[in-house]
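S.K.: Pasting in a structure now, in structure tokens, and then I'll have a few things to ask.
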Amino acid sequence: MRPLRILTWHIHGSYLYYLVQSSLEFYLPVKPGKPPGYGGRLSGFPWPDNVHDVPAEEVRHQEFDCILFQSQQNYLKDQYEILSESQRQLPRIYLEHDPPRSHPTDTRHVVDDRNILLVQVTAFNDLMWDSGSTPTCVIEHGVIVPEDVRYTGELEKGLVVVNGLYTRGRRLGADVFTRVRDRIPLDLVGMGSEKMGGSGEIQHDRLSAFESRYRFFFNPIRYTSLGLAVCEAMAIGMPIVALATTEMVTVVENGVTGYVDTNVNRLIERMQELLDRPDEAHRLSANARRYAQERFNIQRFARDWNEAFALVTGIRAGEQESKGAEETSQIPNPKSQIPNPLSSFPAGGNS
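The numbering of the sequence shown is the working numbering, which starts it at 182 and goes up by one.
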């Protein structure tokens, strides 16, 4: 039996790179000039052979098993522009990357359809969205870091990795970053970081080696989804210091893998301790790496996604195995997390 064929859009490069670490076939629509969502196999990632660019105008002539939406534009606009009517009746999944913006608890999700599976990337996001009658599940992040990169921490400063911090402002913690930097040596990287004295974007395949020398990773973000950059930093053994908000409170254990707090002054004190005591930083490092290997395991991530695709399509093929996956999932698979409405989920398309 051939692998499932999934159509999706390029929305978040790092997430997409991890998503395609399976033997399923992924097809990405592309347009001239690479407008948002239509960049395809953009540079900066070693895309595997199961990822294919398809001219947007040719998509309606292709055969797929499932449509994976990743943004409101995909769902409200793109599908009607590039998919055929029959393709719009295929099994569908909406991957929601973020928590609600307009109101933290009373925002209704754009998808309100019992025939679509809504996948959330954190339990916090799932808790906060009003998903109506739409069935949901949580698939936590999975990451890959170079096997030869390990935390060394010899640089007596912290690192912040945030894209667009200057333009995204308070929600991403621009003011928190500035406040902390006045007292603790911090470097900033990410797209547009030059506007705040940062070093610009570091390509994904170089980031782990670049950040491994910093004493700790600081996450100043008030309100967003759990960043893949945090998971990747933990995976190489970086101690994490962060605001105790959103899903972060379940990821970092104080005095074990790093420190979280809503009091910025206390976080500054912890950062100074890590600068003064590299031995303590290395103790946290070992714990952080071990924890990340368990929780953000790429094999578990791939299996959870395979389970979700199998659920909506009704197809469970032997090809749906993550590359090199051997161990058992450390996190319950999405089917076990899906609430009761999915017990009658119409696998294979609309009912």
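Each residue gets a CB set at the ideal place from its N, CA and C atoms; glycine is no exception.
Note that the structure is predicted; figures quoted are calculated from it, not measured.
Name the DSSP beta bridge partners of residue 408, please?
M.R.: As a first step, residue 408 is located in the sequence shown; it is residue number 227 there, counting from the start. Beta-bridge pairing links residue 408 to no other residue.
S.K.: Which of helix, strand or coil does DSSP assign to residue 338?
M.R.: Along the sequence shown, read from residue 1 onward, the residue named residue 338 stands at position 157. Strand at residue 338.
S.K.: So residue 211 and residue 225 are in contact, right, with Cβ under 8 Å, and what is the actual spacing, rounded?
M.R.: Taking the sequence shown and counting its residues from 1, one reaches residue 211 at position 30. Taking the sequence shown and counting its residues from 1, one reaches residue 225 at position 44. About 16 Å separates the two Cβ atoms, so there is no contact after all.
S.K.: For the segment 301–346, which segments carrying the beta strand (DSSP E) assignment without a break, of at least 3 residues, lie completely within its bounds, in sequence order?
M.R.: Those beta strand (DSSP E) runs which fall completely within the segment 301–346 and span 3+ residues are 317–319 and 336–342.
S.K.: Once DSSP output is grouped into helix, strand and coil, what is the label at residue 463?
M.R.: Taking the sequence shown and counting its residues from 1, one reaches residue 463 at position 282. Residue state, collapsed to three classes: helix.
S.K.: Can you give, in chain order, each stretch of the beta strand (DSSP E) that sits fully within the segment 197–255 and has at least 3 residues?
M.R.: Listed in chain order, the complete beta strand (DSSP E) runs (minimum 3 residues) inside the segment 197–255 are 206–211, 232–236 and 247–250.
S.K.: Quick test of your reading: residue 346 and residue 374, contact by CB under 8 Å. State the CB separation rounded to the nearest angstrom.
M.R.: In the sequence shown, residue 346 corresponds to position 165, counting from 1. In the sequence shown, residue 374 corresponds to position 193, counting from 1. Indeed they touch by this definition, with Cβ atoms about 6 Å apart.
S.K.: How big is the Cα-Cα spacing for residue 215 and residue 192?
M.R.: The residue you call residue 215 lines up with position 34 of the sequence shown. The residue you call residue 192 lines up with position 11 of the sequence shown. Between residue 215 and residue 192, the C-alpha separation is close to 12 Å.
S.K.: Please report the distance separating the alpha-carbon of residue 315 from that of residue 292.
M.R.: Here residue 315 refers to the residue found at position 134 when the sequence shown is read from its first residue. Here residue 292 refers to the residue found at position 111 when the sequence shown is read from its first residue. Straight-line Cα distance between these residues: approximately 7 Å.
S.K.: At what residues does the alpha helix (DSSP H) containing residue 454 begin and finish?
M.R.: Position 273 of the sequence shown, counting from 1, holds the residue named residue 454. Where residue 454 is concerned, the enclosing alpha helix (DSSP H) stretches over 445–457.
S.K.: Counting C-beta neighbours from all protein chains within 10 Å, is the total for residue 475 16 or more, i.e. buried, or is it exposed?
M.R.: Mapped onto the sequence shown, residue 475 falls at position 294. Result: exposed.
S.K.: Cα separation between residue 206 and residue 344?
M.R.: Working through the sequence shown from its first residue, we reach residue 206 at position 25. Working through the sequence shown from its first residue, we reach residue 344 at position 163. Taking the straight line from one Cα to the other gives about 29 Å.
S.K.: Just how far apart, CA to CA, sit residue 417 and residue 241?
M.R.: Within the sequence shown, numbered from 1, the residue matching residue 417 stands at position 236. Within the sequence shown, numbered from 1, the residue matching residue 241 stands at position 60. Near 42 Å, if we compare the C-alpha coordinates of residue 241 and residue 417.
S.K.: Near residue 134, what residues of its chain come up, given a Cβ to Cβ distance below 6 Å and the 5 sequence neighbours on each side ignored?
M.R.: This structure gives no information on residue 134, because the portion of the chain shown stretches from 182 to 532.
S.K.: Going by the CB atoms, is the gap between residue 433 and residue 392 shorter than 9 Å?
M.R.: Locating residue 392 in the sequence shown gives position 211, counting from the first residue. Locating residue 433 in the sequence shown gives position 252, counting from the first residue. Contact flag unset, no.
S.K.: Give the straight-line distance between the Cα atoms of residue 244 and residue 411, rounded to the nearest whole angstrom.
M.R.: Along the sequence shown, one-based indexing puts residue 244 at 63. Along the sequence shown, one-based indexing puts residue 411 at 230. Taking the straight line from one Cα to the other gives about 37 Å.
S.K.: I need the DSSP call for residue 477, collapsed to helix, strand or coil.
M.R.: Here residue 477 is taken as the residue at index 296 of the sequence shown, counted from 1. Coil.
S.K.: Rounded to whole angstroms, how far is the Cβ of residue 539 from the Cβ of residue 490, which I believe are closer than 8 Å?
M.R.: Absent from the model: residue 539. The displayed extent of the chain is 182 to 532, so no value can be given.
S.K.: Are the beta-carbon atoms of residue 426 and residue 404 separated by less than 9 Å?
M.R.: Working through the sequence shown from its first residue, we reach residue 426 at position 245. Working through the sequence shown from its first residue, we reach residue 404 at position 223. Against a cut-off of 9 Å, the Cβ pair of residue 404 and residue 426 comes out as a contact.
S.K.: Hey, out of 406, 275, 236 and 356, whose CA is closest to residue 262's CA?
M.R.: Start at 1 with the first residue of the sequence shown, and residue 262 comes out as number 81. Comparing Cα positions, the closest option is 236.
S.K.: Could you pull the start and end residues of the alpha helix (DSSP H) that residue 360 belongs to?
M.R.: Taking the sequence shown and counting its residues from 1, one reaches residue 360 at position 179. Residue 360 -> alpha helix (DSSP H) spans 355–362.
S.K.: Within the same chain, show all residues whose beta-carbon is closer than 7 Å to that of residue 360, passing over the 5 residues directly before and after it, in chain order.
M.R.: One-based indexing of the sequence shown puts residue 360 at position 179. Hits under 7 Å: 445.
S.K.: To which residues does DSSP link residue 423 through a beta bridge?
M.R.: Locating residue 423 in the sequence shown gives position 242, counting from the first residue. Residue 423 is bridged to 400 and 441.
S.K.: Determine the DSSP secondary structure at residue 277, reduced to helix, strand or coil.
M.R.: As a first step, residue 277 must be located in the sequence shown, where it is residue number 96. Strand.
S.K.: In or out: residue 202 buried (at least 16 other Cβ within 10 Å) or exposed?
M.R.: Within the sequence shown, residue 202 is the residue found at index 21, counting from 1. Buried: at least 16 other Cβ atoms inside 10 Å.
S.K.: DSSP three-state call for residue 193: helix, strand or coil?
M.R.: The count along the sequence shown starts at 1 and reaches residue 193 at position 12. Correct three-state label for residue 193: coil.
S.K.: Which term fits residue 308, buried or exposed, when burial requires 16 or more other beta carbons within 10 angstroms of its beta carbon?
M.R.: To locate residue 308, count along the sequence shown from 1; it is residue 127. When all chains shown are included, residue 308 counts as exposed.
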